[in-house]
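Residue numbers (the working numbering): 23 to 1152.
Data first, discussion second: the structure below is written as structure tokens.
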Amino acid sequence: MPGATGAAADQPPDQSVRTRALDPLHSFIVQAPAGSGKTGLLVQRYLALLPAVDVPEEIVAITFTRKAAGEMRERILAALAQAHRGEAADAHGQRTRTLACRALEHDARRGWDVRANPGRLRVLTIDALCASLVRQMPWLSHFGGEPRVADDGRALYRQAARETLGQLEDDSPWGDAVATVLWHLDNDRTRCERMLVDLLARRDQWLRHVAGHFTAGEAQRAHLEAGLGRAVRDALRALRASVPSADAASIVSVAAFAAENLAAEGSPSPIRACRGLDRLPGTDPQDLSAWVGLSELLLTRRGSWRGRHTAEHGLPARRDGEGARMRREARRLCVALAAHDELRMHLADVRDLPATRYSDAQWQVLQALARVLHLAAAMLRVVFTERGHVDHVEVAQAARQALGEEDAPTELALALDHRIRHILVDEFQDTSYSQFELLRRLVAGWCADDGRSLFLVGDPMQSIYRFREADVGLYLRAWERGFGALTLQPLRLQANFRAQGHLVSWVNRVFTDAFPRRAEADTGAVPWQSAVALRASASTPAATVHPLRDADPDLEARLVVRLVQAAMARRVQRRIAVLVRSRVHLGAILPALRAAGIDYRGVELEGLAARPVVQDLLALTRALLHPADRVAWLALLRAPWCGLSLQELHTLTAQDASRAVFELLRDPERVPGLGPGGAARAQRVSGAMQSALARRGSRPLVQAVADVWTALGGPACVETPDLEDATAYFDLLGQLEPEEAVDPQRVSERLETLFAKARTPAAPVEVMTIHKAKGLEFDTVILPGLGRATRVDERRLLTWAERPAGAGPPDLLLAPMAPAGEEPDAISRYLWKLEAKKSEHETTRLLYVAATRAREHLHLIGHATPSSDGTPAPEAGSLLQCIWPAVRAEFERVEGERPPTEKGPRERRTPLALCRLPAGWKPPRPPRLRARFPAIAPAGGETPAAGVAYDWAGRTARCVGTVVHEVLRHIGRDGAAAWDRGRVQRGRRRWRGLLIGLGVPPNELEKASTRVGQALVNVLEDPRGRWILEARHTDAHNEYALTGALGGRVVSAVIDRTFVAEDGVRWIVDYKTGTHEGADIETFLDREQERHRAQLEGYAALMAHRERRPIRLGLYFPLLTGWREWSAPL
């Protein structure tokens, strides 16, 4: 295909565009398609800006995730480090090296020393930017202090919703409005509460419209109806412009003729609105009915051109005269217009355009809704104040308020106007309206040629986050109109550095027709842009479609296994990904992979709540919180630490359904009926629970749950990986308890947002959703389930859409949900249609993102069910439907790919058996105080004597070490660049909760918390500490579990931090949180090195079983910033 391949490897075809993008004197908006080197361009732009500023803080780079921010910061620092060392660069890296050298020269002149002070590089997330603004202006942002930001605000929204609905009983002035809304929902209070919760989570979209207009008077009604009118006018303008001028007169004459016939017959057909037409209808709302008539005349109900006309359309069958001529002309028109697909789409859409006036009944409901929503938002602010928590929406709103309005900036806005000279925004296509507005206010005083610049980078073809309120229309608007007073020069990258040539050509061919022809901001329509491959084409097929005739999950799973096995056999291409649209599409695939012996790494696939150990812990928590919870107590007795049979549970409870289970366990006549073994197990559970209930309220809940779980033998009932899930559950309890009174429902809700840790973190096959794969690349990508659609979201209490309205603020289109049992009105249908179009466009973009993750091979698997005429057809809303014209022949040519008839490997299913501890089980005697992680522990056995015993460490010191290790694990996951002293300070409350949960006494809590903070700050301000935790290391792991054979024994270990450095050396680092009082620290460190030598060399021996490379060992002491290193004696 033209433009697909052929670029010189050392000179991208868009090099001139990339060079222009580095000009610090101009502002740009850049479209950077998949594989075009977007991050590299951002890094080059940042380096090019450094010599143009007085201090590095004048440059602000904004991303949407901490991972992206960390990667950008690390790449900037890596470029500076490489230039400092004078290392040579390849052809693609030479420009980066040149820019970095210039930046270092300016750095030296100014005395910044950025390499030693990386915190001066302001690369941060949009949420971090908002929080920074709020902290600087707490009064204007309506925060008296710095509240905690809740990632999951549902509990806060629910409390506000209940308070709002509670006004019905309180005889308040809001009672009538609440009653109206409830009546509209058939008095279903639970449903109304759920819908209010959903709306409060999205309040940044509607609050600015109802705030100040909560009475919803006539002025607001006129404002909303004007927006509806503009929507109709814009649609009619586009429709009128798409009519071929050569056919306009014929269309009018045929329509007028048909309308006269229908009027004479008294037909109710919409075509009658064309009566008397002598030209095309206009573009005012009153012309809408005539356009609907034309649509009825020319299109079928399904939106295709009519093949024949009848008397029903005003063109009765006549053999001669005017009627026959008009029928022939109508037929000619439909044939001629078949080449004008844009006209067909506009004519189909005109049927769904909204009314431009609200009925009085609609307006009454909207009026009530406006008051209720305004009240709910106010109640939420009260909840925020009472709880000391806010959500990200509140922080973003506060940040915008802190900057003021464009014509009335605050002192902070004026100060930032002098402090910030250049802004870079990554992934701009994923901007929400509130984020867009924040950026607009940041640059409100900027203009061309004033030495300041805005650099927006993204790819609208990869905008797939509408569920996070991302609006790709904002990108399209900025591309066409600029950003406020700033003129943005549009630049488009073409080079694809990622995929081989054949794959780029295939993507170009298939997606050219899948994407819309032209951009349309209000529907999110993004036109296709072809890429040019820089890599040569491979000899093997790049993209393969595997057509299946039926939706057979088992057949599809076996095909996936075969493709994975074939990819694994290609030893030079080992990064393999199975990507799905929804986790439910993996139901048969994961068991098939396990049955075939294929290790895979599942990225956020299994919810933490689904893990058995977590279910047992949740039941234990519920039983402690509510002793009368019968289901929770039965779950306790059924859990593996007790394991009563169903018959034993029936014996215990069947005769007395009114008494609590814990009372039945104390009944001397009831328990013996369980038999000797059952009675002993039940009494052990009863004793532990009675002891815990007697101490209820005297210690943190997380500590109570952990102590009872340990006493019952919970840790003895699970495998080592399950302990990580248990730890995650305890972490959650520790986070919730300082925030609020812990409620089982709240715990369950938060569990639904958490995922179990991957069991095989280093597996060659990765399985994840397409959304999780964005930004990643793999050698082979397999896309199953393309023939399946996803469920449709529930209708909202209030439906809305925002449409760009010229240079001013967008129009808000609103419609209330139809009353229970009634059909939706025209405005609601229009908004639903608009939403459906946005979803359809995003579905195409989602498949594009999935396809462009592949470097070498792409496999597409889907089914198309035969329609009534026998031809295959994809399911509506499926990914396969997006590219159906390009792949239809694959399905029609073959009956459907069927793997060999013999069944593939199935996951062995063992009969369900009751697993439980022996009746006489007793907790083991606790060992003497020892290291948090034993040096080398036999799998499933005791810690050998060679392990290091910290007899000198007290309980609080061990708890400090546990928390420091946990936070360092998070830092290692994010990368040191994503952390600084401020983030450490903001996490102080969380680790206090962890310390409390670990049992630190109140009188030692402050000292322990301070020590944790000091250790973390030391790490982040120590170059060695930052190097250990850098995100750019390869094959990096934190808390890395290994099991292997040493000295004839099976042993296991957990390594604090391991990675492969740039020179190819494997590093194994162990953190030691001990300290030393005295002057001779070096002697202490030497002694500790000898003390732990056997421990780390044991780690190295295990690591050497899985790879052959040099290994260096290191001990890092955060509280001392001490370091010892040596080579492993392999």
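All C-beta atoms in this analysis are idealised placements derived from N, C-alpha and C, irrespective of residue type, glycine included.
Excluding the five sequence neighbours on either side, which residues of its own chain have a C-beta within less than 8 Å of the C-beta of residue i, listed in chain order?
| i | result |
| --- | --- |
| Ala631 | Gln637, Leu640, Ser770, Leu773, Glu774, Leu776 |
| Gly629 | Leu773, Glu774, Leu776, Phe777, Ala778 |
| Asp300 | Val274, Ala278 |
| Ile8 | Lying outside 23 to 1152, the shown extent of the chain, residue 8 is not represented and no answer is given. |
| Leu513 | Val39, Arg42, Ala43, Phe50, Ile51, Val52, Gln53 |
| Leu674 | Leu659, Leu666, Val683, Leu686, Leu687, Arg692, Val693, Gly695, Leu696, Ala704 |
Where do the N-terminal and C-terminal ends of the beta strand (DSSP E) with residue i fall, by residue?
| i | result |
| --- | --- |
| Val479 | 475 to 480 |
| Tyr622 | 622 to 624 |
| Ile1090 | 1088 to 1093 |
| Ala565 | 565 to 570 |
| Met839 | From DSSP, Met839 is part of no beta strand (DSSP E); its letter is neither H nor E. |
| Gly1144 | 1144 to 1149 |
| Ala599 | 598 to 602 |
| Phe406 | No beta strand (DSSP E) holds Phe406; the alpha helix (DSSP H) holding it covers 382 to 409. |
| Asp801 | 800 to 805 |
| Met790 | 787 to 791 |
| Val82 | 81 to 85 |
| Arg1134 | 1133 to 1139 |
Taking 8 Å as the threshold (C-beta atoms), are residue j and residue i in contact?
| i | j | result |
| --- | --- | --- |
| Ser413 | Tyr455 | The sequence shown places Asp at residue 413, not Ser. No, the Cβ-Cβ distance between Asp413 and Tyr455 is not below 8 Å. |
| Leu525 | Ala564 | yes |
| Ala795 | Val529 | no |
| Arg877 | Asp801 | yes |
| Val1082 | Arg1134 | no |
| His863 | Ala536 | no |
| Ala998 | Arg1046 | no |
| Val730 | Phe752 | no |
| Val394 | Pro307 | no |
Can you tell me which of the options puts its alpha carbon nearest to the alpha carbon of residue i?
| i | options | result |
| --- | --- | --- |
| Arg347 | His331, Leu359, Val394 | His331 |
| Asp45 | Gln53, Leu69, Glu578, Pro55 | Leu69 |
| Arg67 | Leu478, Val1076, Ala392, Val136 | Leu478 |
| Gly1035 | Ile1050, Leu647, Trp1013 | Trp1013 |
| Val635 | Val583, Asp744, Ala726, Ala610 | Asp744 |
| Trp663 | Ala1122, Met711, Ala682 | Met711 |
| Glu1061 | His987, Leu1027, Gly899, Ala1000 | His987 |
| Pro511 | Ser527, Ser475, Phe519 | Sequence check: residue 511 is Gln here, not Pro. Residue Ser475 is the option with its Cα nearest to Gln511. |
| Leu261 | Gly304, Thr984, His245, Ala285 | Gly304 |
| Arg991 | Arg1008, Leu1027, Ala1053, Gln1007 | Ala1053 |
| Leu755 | Val1041, Thr545, Leu1020 | Leu1020 |
| Trp655 | Phe684, Met839, Gln669, Leu218 | Phe684 |
Taking the alpha helix (DSSP H) that residue i belongs to, which residues open and close that run?
| i | result |
| --- | --- |
| Gly345 | 343 to 359 |
| Val724 | 723 to 734 |
| Gln53 | Segment 50 to 53 is the beta strand (DSSP E) holding Gln53; no alpha helix (DSSP H) there. |
| Ile445 | From DSSP, Ile445 is part of no alpha helix (DSSP H) but of the beta strand (DSSP E) over 444 to 447. |
| Tyr68 | 60 to 71 |
Which same chain residues end up closer than 7 Å to residue i when comparing Cβ atoms and leaving out the 5 residues on each side of it in sequence?
| i | result |
| --- | --- |
| Met367 | none |
| Trp906 | Pro896 |
| Ile1050 | Arg1079, Val1091, Tyr1138 |
| Phe450 | Leu478, Val479, Gly480, Tyr497 |
| Gln33 | none |
| Ala1030 | Thr978, Cys981, Val982, Leu1017, Val1022 |
| Arg488 | Lys860, Glu864 |
Once you ignore the five residues that flank residue i on each side, which residues in its own chain have a CB closer than 6 Å to its CB?
| i | result |
| --- | --- |
| Glu746 | Lys779 |
| Ile202 | In the sequence under discussion, the amino acid at residue 202 is Thr, which differs from the Ile named in the question. If we look at Thr202 and ignore the five residues flanking it on each side, its Cβ neighbours are Ala390. |
| Gly141 | Asp1002 |
| Glu929 | Its pLDDT being 46, under 50, Glu929 is placed unreliably in this model, and the value from its coordinates should be taken loosely. So the list reads Pro613, Arg616, Ala617, once near-sequence residues are dropped. |
| Leu397 | Thr186, Trp196 |
| Ile293 | Ala280, Ala281, Leu284, Gly315, Glu318, Leu319, Gly336 |
Start-end ranges of the beta strand (DSSP E) lying completely within the segment 844 to 886, minimum 3 residues:
Taking only runs of at least 3 residues, the beta strand (DSSP E) segments lying wholly in the segment 844 to 886 are 876 to 885.
Whole beta strand (DSSP E) elements within the segment 457 to 507, 3-residue minimum
475 to 480
Those runs of the alpha helix (DSSP H) which lie wholly inside the segment 1017 to 1071 and span at least 4 residues
Here the runs fully enclosed are 1024 to 1043, 1045 to 1050.
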